[in-house]
Amino acid sequence: MVELQIDIVSDVSCPWCIIGYNSLQLALSQLSKEVSADITWHPFELNPSMPAEGQDVNEHLGQKYGIDSAQIEQNRAAIKQRGLSVGYEFGHRGGGRIYNTFDAHRLLHWAKQENKQTELKLALFDLYFKESGNPSDHQQLLNTVRKIGLDTDTAAAILSADTYAQDVRKEQQHYQTMGISSVPAVIVNNKHLISGGQPAEVFANALRQISKEQAQAQAQAQA
Numbered sequence: 001m002v003e004l005q006i007d008i009v010s011d012v013s014c015p016w017c018i019i020g021y022n023s024l025q026l027a028l029s030q031l032s033k034e035v036s037a038d039i040t041w042h043p044f045e046l047n048p049s050m051p052a053e054g055q056d057v058n059e060h061l062g063q064k065y066g067i068d069s070a071q072i073e074q075n076r077a078a079i080k081q082r083g084l085s086v087g088y089e090f091g092h093r094g095g096g097r098i099y100n101t102f103d104a105h106r107l108l109h110w111a112k113q114e115n116k117q118t119e120l121k122l123a124l125f126d127l128y129f130k131e132s133g134n135p136s137d138h139q140q141l142l143n144t145v146r147k148i149g150l151d152t153d154t155a156a157a158i159l160s161a162d163t164y165a166q167d168v169r170k171e172q173q174h175y176q177t178m179g180i181s182s183v184p185a186v187i188v189n190n191k192h193l194i195s196g197g198q199p200a201e202v203f204a205n206a207l208r209q210i211s212k213e214q215a216q217a218q219a220q221a222q223a
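Take 1 as the starting number for the sequence shown in UniProt numbering and just add one per residue.
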C-alpha cells in the first residue's frame, strides 16, 4: 500500500471543486487496495474583493466571463449533470448570489487542527450549493460548524477576531507563486498537478502512475 500526500487548492463556492473531489474519491475507491491518501485542503478565493452583501450570480458571471444568460444556464445544466455523474446533487440554486469566502477559509484552517477539515469543507459545499446558503454569514458558518461536531464557541471567537487571517493569506500567496490561478488544483506528493474537475478515470490513471513511481523509488532507496 502506497500512501500519497494530496493537497487540494479550492474554494467552497466553486462547483468544479466538489465535482473534482468526488471524482478523486471514486478513483481512490477503485485503487483502495493499492493507494491510500492523506488529503489537505488549501484556500483559494474566486472573488477576494467580493463585498459583504455578495452579488447576483448571473450578473457576476456575465461580467466576469462575458457570457449571456442562455450560456450561463447551459453551463449550469452541464455542471449539474457532471455533479450527478459523480454522486453530487447541486440542488436548485437557479442563480442566487455569490459571496466572499475568506472567513470560511479561516474556519477550515482551524478545522485541520481538529482533524475535521474535510468534514467541514464538504459541509460548506452543501451550505452553498444545496442549501443556497451564505458562506460569509457568521451565523450560517456557526450552524455548519455545529452540524459536524466542532465547538461553536471556539469558532465564534475565531470569526469575531482576525484569527488565522495571516495564515490563510500566506497559504494563498504560496499557491499563487506556484502558478495556481484556477481551481480545483490537486497536487500529489508536492509535485504532480492535476487541474480541474477531471473524470474519475483521469485521477485513477494519474494516481496509479504516481504510486508506481513512488513504490519504485522507495524500493531503490532500500536496496
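C-beta: ideal position from N, C-alpha, C; glycine also.
Source: prediction; values computed, not measured.
Under the three-state DSSP convention, the category residue i falls into
i: residue 36; result: strand
i: residue 43; result: strand
i: residue 89; result: coil
i: residue 198; result: coil
i: residue 73; result: helix
i: residue 26; result: helix
i: residue 13; result: coil
i: residue 122; result: helix
i: residue 59; result: helix
i: residue 168; result: helix
i: residue 180; result: coil
i: residue 185; result: strand
CB contact flag (residue i, residue j, <9 Å)
i: residue 16; j: residue 179; result: no
i: residue 159; j: residue 106; result: yes
i: residue 190; j: residue 5; result: yes
i: residue 140; j: residue 40; result: no
i: residue 46; j: residue 69; result: no
i: residue 60; j: residue 8; result: no
i: residue 127; j: residue 150; result: no
i: residue 138; j: residue 156; result: yes
Neighbourhood of residue i by C-beta, 8 Å cutoff - its chain only, sequence neighbours within 5 removed
i: residue 54; result: 97, 98, 99, 100, 134, 136
i: residue 35; result: 1, 2, 3, 4, 28, 207, 208, 211
C-alpha gap between residue i and residue j, whole angstroms
i: residue 56; j: residue 31; result: 41 Å
i: residue 211; j: residue 186; result: 15 Å
i: residue 103; j: residue 221; result: 43 Å
i: residue 111; j: residue 44; result: 16 Å
i: residue 129; j: residue 162; result: 26 Å
i: residue 23; j: residue 194; result: 12 Å
i: residue 143; j: residue 215; result: 43 Å
i: residue 122; j: residue 218; result: 33 Å
i: residue 114; j: residue 48; result: 26 Å
i: residue 90; j: residue 223; result: 50 Å
i: residue 72; j: residue 176; result: 27 Å
i: residue 213; j: residue 52; result: 46 Å
i: residue 202; j: residue 192; result: 13 Å
i: residue 38; j: residue 75; result: 32 Å
i: residue 174; j: residue 50; result: 21 Å
i: residue 154; j: residue 132; result: 25 Å
i: residue 64; j: residue 33; result: 43 Å
i: residue 169; j: residue 79; result: 29 Å
i: residue 172; j: residue 181; result: 10 Å
i: residue 67; j: residue 81; result: 20 Å
Same chain only: Cβ atoms within 7 Å of residue i, ignoring 5 sequence neighbours per side
i: residue 167; result: 109
i: residue 11; result: 17, 44, 45, 46, 101, 183
i: residue 198; result: 20, 23
i: residue 146; result: 152
i: residue 148; result: 116, 119, 120, 123
Contacting residues, own chain, Cβ-Cβ under 6 Å from residue i (five flanking each side not counted)
i: residue 95; result: 57, 58
i: residue 188; result: 4, 6, 210
Check whether the stretch 17-29 and the stretch 83-91 touch, using three or more Cβ-Cβ pairs below 8 Å as the test.
Touching, yes.
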